[in-house]
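Asks: Every letter in the sequence shown is one number past the one before it in the numbering used here, and letter 47, counting from 1, is 620. A single structure is presented below for examination.
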Amino acid sequence: MNIFELTHKNIDRKYGKNGCSQRMDGTMKYNCTGVILAGGLSTRFHGKNKALLQIHGKPILQYIYEVYQALFDEIILVTNNPLEYLDWDLEIVTDIFSIRSSMTGIHTGLFYAGHPYVFVTACDTPFVKRQLVETVLAGIGGNAEWIIPKTSLGMEPMCAVYAKQCLQNMETCLRNEKFKIQKCLRKVPTKIISEKKLLEIDPELISFFNINTPEDLSRAELLVQGGLP
């Protein structure tokens with residue numbers, strides 16, 4: 574038995590074949606694993622880990638974790654720096670493929686997930702709103718294998734749901750060094766969450782704001798001081 578077969582055997586034992594799990598109070602959380610991609614160190618922040626940068630005295634990762642904790646009974650962090658997260662109550666995994674790309678991280682999180690779906694976001698998006706995540710999760714069901722928000726700026730693959738069925742397509746693309754998610758999944762059954770619907774929940778679309786530069790971090794600090802989130 575190889576490591577992939579062993580992993581799935583353990584997942585089946587932990588969650589059951591249908592991927593369902595139950596809270597201690599008897600209610601059900603979403604039939605979905607929360608995945609956070611923490612790609613590594615940032616050159617724009619002088620080699621610091623963006624996930625652990627602080628906004629108003631709290632790590633960026635903590636903002637995301639608090640949203641995830643309310644929604645998911647399994648939270649996976651994909652990182653190539655696992656020792657930095659030993660104090661976090663997370664399932665920590667490293668990339669299966671050594672290629673540095675968003676799809677590598679999504680593939681890894683999807684592979685290790687105990688549920689049939691994953692919701693994915695990046696570690697540098699501190700203001701992702703619970704209500705927006707729930708709107709995307711509400712698309713689970715039917716034959717959709719990819720549930721993704723779309724704004725006037727385009728698709729938002731780092732705030733989307735992926736089904737286990739996407740694994741094979743992703744693996745094929747990664748082996749062929751094709752790293753664009755939209756091209757890789759263009760033929761899978763897809764459900765798009767419209768900008769109109771997103772704006773009803775998140776008028777500023779602040780859920781898609783990410784920390785790429787020190788200026789972004791300063792802006793985030795001002796937003797929190799002003800009462801966000």
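Cβ coordinates follow ideal geometry from the N, Cα and C atoms, glycine included.
1) Would you decide whether ALA643 is buried or exposed? Buried here means 16 or more other CB atoms lie within 10 Å of its CB.
2) Does the Cβ-Cβ distance between VAL640 and VAL693 come in under 7 Å?
3) Which residues in the same chain as PRO655 place their Cβ atom closer than 7 Å to its Cβ, once the five residues preceding and following it in sequence are excluded?
4) Whether or not the stretch 707-718 and the stretch 673-685 are in contact is what I'm after, with contact meaning three or more pairs of Cβ atoms, one per stretch, closer than 8 Å; do they touch?
5) Are the beta-carbon atoms belonging to LEU771 and PRO730 less than 7 Å from one another?
6) Below 7 Å between beta carbons: does that hold for LYS702 and SER767?
7) Locate the beta strand (DSSP E) running through PHE692, then write down its first and last residues.
8) If I'm right that TYR690 touches ALA736 with Cβ under 8 Å, what's the distance once you round it to whole angstroms?
9) I'd like the list of long-range same chain contacts for ILE637, defined as Cβ closer than 8 Å, with 5 residues on each side in sequence excluded.
10) Between LEU728 and GLN755, is the Cβ-Cβ spacing less than 7 Å?
11) Between which residues of its own chain and GLY599 is the CB-CB distance below 8 Å, once the five residues before and five after are set aside?
12) Taking 8 Å as the limit between beta carbons, can you name the residues of its chain near HIS629, skipping five residues before and five after?
13) Is DSSP giving GLY607 helix, strand or coil here?
14) With 16 other CB atoms within 10 Å as the buried threshold, where does PRO787 fall?
15) In three-state terms, what does DSSP make of ARG792?
16) Enumerate in chain order the residues of its own chain whose CB-to-CB distance from SER791 is below 7 Å, with the five nearest sequence positions on each side excluded.
17) Who pairs with CYS732 in a beta bridge, going by DSSP?
18) Tell me whether GLY682 sits in a helix, a strand or coil according to DSSP, three-state version.
Replies: On the basis of the supplied data:
1) exposed
2) no
3) So the list reads ILE665 and THR667, once near-sequence residues are dropped.
4) no
5) no
6) No, the pair does not count as a contact, with Cβ atoms beyond the cut-off.
7) 690-695
8) The C-beta distance from TYR690 to ALA736 rounds to 5 Å, short enough to fall under 8 Å.
9) ILE609, THR694, CYS696, THR698, PRO699 and VAL701
10) The sequence given here has Met at residue 728, not Leu. Going by C-beta atoms, MET728 is nearer than 7 Å to GLN755.
11) Legend: pLDDT at GLY599 = 40, less than 50; position of this residue unreliable, no value from coordinates given.
12) GLU794, VAL797 and GLN798
13) strand
14) exposed
15) Here ARG792 sits in helix by DSSP.
16) Nothing meets the Cβ criterion.
17) Paired residues: THR694.
18) helix
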